[in-house]
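Just below is one structure, and these are the notes that go with it.
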Amino acid sequence: MSLFGKNIKKIRSVKSLSQQAFAEIFDLKRGTLGAYEEGRSEPKIETIIKIANYFSIPIGDMLTKELTVNQLLKFKVDFESNVLEENNDLFIKIPCITPQLQTDYLRHHDNPNFIDDLPYLNLPVTNDNELRAYVVDNLEMSSDNDGLYPKDIIIGERIARKRFPDLQSSCIYLLILKDRIFLRRVFQASKKFILKADHRGIDELEIDHTEVKELWELKYVFYHRVPEKRNTDIKEKLSFLETEFQKLRSSLDN
């Protein structure tokens, strides 16, 4: 279980806010807030993002670190005007695709106004390229208690279409198609992508490069739990063998 409940209780204490006052700021019921603080319920990702952004606190810290009073006192918030006075120059805003917004994103992904209205993560990430966050909502990229699970957040870097033929195989990408979003390992096969899930029993897919509206290469992951330590050496060997197999398959197709 995350430390979110304990942290919002401490925020209320430092800011001298009652449960009712805090709940009203974020359109919550007082009883719901109490359940969060007591660990009886976990909030939706949209609520976590909204509260973290409001106080300019990294979402990872909200979930995994017990915030200190000194840390919280740095954030000066005008609760009447909702204006943040803290300098956020060290943080970048990353638009986030939540499960509830996937359908809208498929329709409006190329609309700048829609992107501006998406919820966003405020993170100290050093990257000058266009980034997109995505909340995992299935088990397709999990395997043997490892990998990506629902509520994990991945952050991808945009890949220009002209770079599609040069993509590194076996890496994880977020693919935006006309009617669906995929998070998959991608392999090259003669102007096509082969999409492979880590979860056993899910068939691989083959799609043309032209079917992809947007492509984002996974660069960062924020886990909703503490990941177990795994034998990465074995994983690297398996990944290498899989890449070599895909190269052989591609050569046979040609």
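Residue numbers (UniProt numbering): 1 to 254.
Just so it is clear, CB atoms sit at the ideal spot from N, CA and C, and this is done for glycine as well.
Output the distance between the C-alpha atoms of residue i and residue j, rounded to the nearest integer angstrom.
{"i": "LEU195", "j": "ILE11", "result": "43 angstroms"}
{"i": "ILE115", "j": "GLY156", "result": "15 angstroms"}
{"i": "ILE45", "j": "ASP152", "result": "10 angstroms"}
{"i": "ASN122", "j": "GLN71", "result": "16 angstroms"}
{"i": "PRO57", "j": "ALA189", "result": "Strictly speaking, residue 57 in this sequence is Ile, with Pro absent from that position. Going from the Cα of ILE57 to the Cα of ALA189 covers about 43 angstroms."}
{"i": "LEU175", "j": "PHE187", "result": "13 angstroms"}
{"i": "SER169", "j": "PHE245", "result": "11 angstroms"}
{"i": "ALA160", "j": "PHE26", "result": "37 angstroms"}
{"i": "GLY147", "j": "PHE91", "result": "27 angstroms"}
{"i": "ASN113", "j": "GLU24", "result": "27 angstroms"}
{"i": "ASP203", "j": "ALA197", "result": "8 angstroms"}
{"i": "ASN7", "j": "LYS162", "result": "45 angstroms"}
{"i": "ARG40", "j": "SER13", "result": "20 angstroms"}
{"i": "LEU177", "j": "TRP216", "result": "12 angstroms"}
{"i": "ASN127", "j": "VAL221", "result": "14 angstroms"}
{"i": "SER142", "j": "ARG225", "result": "13 angstroms"}
{"i": "ILE172", "j": "SER16", "result": "44 angstroms"}
{"i": "ASN53", "j": "ASP61", "result": "12 angstroms"}
{"i": "THR47", "j": "ASP144", "result": "30 angstroms"}
{"i": "HIS209", "j": "SER250", "result": "15 angstroms"}
{"i": "LEU212", "j": "ARG185", "result": "The sequence as given places Val at residue 212; Leu does not occur at that position. The alpha-carbon atoms of VAL212 and ARG185 are separated by roughly 14 angstroms."}
{"i": "LYS9", "j": "LEU101", "result": "29 angstroms"}
{"i": "SER18", "j": "ILE59", "result": "22 angstroms"}
{"i": "THR243", "j": "THR32", "result": "48 angstroms"}
{"i": "VAL83", "j": "ARG30", "result": "Because VAL83 sits at a pLDDT of 42, beneath the cut-off of 50, its placement in the model cannot be relied upon, and the point is left open."}
Assign residue i to one of three DSSP states: helix, strand, or coil.
{"i": "GLY147", "result": "strand"}
{"i": "LEU17", "result": "coil"}
{"i": "ILE115", "result": "helix"}
{"i": "PRO58", "result": "coil"}
{"i": "TYR134", "result": "strand"}
{"i": "PRO99", "result": "helix"}
{"i": "SER142", "result": "strand"}
{"i": "PHE91", "result": "coil"}
{"i": "LEU167", "result": "coil"}
{"i": "ILE181", "result": "strand"}
{"i": "LYS10", "result": "helix"}
{"i": "GLU217", "result": "strand"}
{"i": "TYR105", "result": "helix"}
{"i": "GLY156", "result": "strand"}
{"i": "PHE222", "result": "strand"}
{"i": "ILE49", "result": "helix"}
{"i": "VAL69", "result": "helix"}
{"i": "ILE194", "result": "strand"}
Just to confirm before moving on: does the CB-CB distance between residue i and residue j stay below 9 angstroms?
{"i": "VAL125", "j": "ILE94", "result": "yes"}
{"i": "PHE4", "j": "LEU63", "result": "yes"}
{"i": "PHE193", "j": "GLU206", "result": "yes"}
{"i": "PRO165", "j": "ASP137", "result": "no"}
{"i": "GLU42", "j": "SER2", "result": "yes"}
{"i": "LYS219", "j": "LEU131", "result": "yes"}
{"i": "TYR134", "j": "ILE97", "result": "yes"}
{"i": "ASN111", "j": "ARG158", "result": "no"}
Would residue i be called buried (16 or more neighbouring beta carbons within 10 Å of its own) or exposed?
{"i": "GLN20", "result": "exposed"}
{"i": "PRO119", "result": "buried"}
{"i": "VAL69", "result": "exposed"}
{"i": "ARG200", "result": "exposed"}
{"i": "LEU241", "result": "exposed"}
{"i": "LEU248", "result": "exposed"}
Do the region 98 to 108 and the region 169 to 187 meet, that is, are 3 or more Cβ pairs less than 8 angstroms apart? yes
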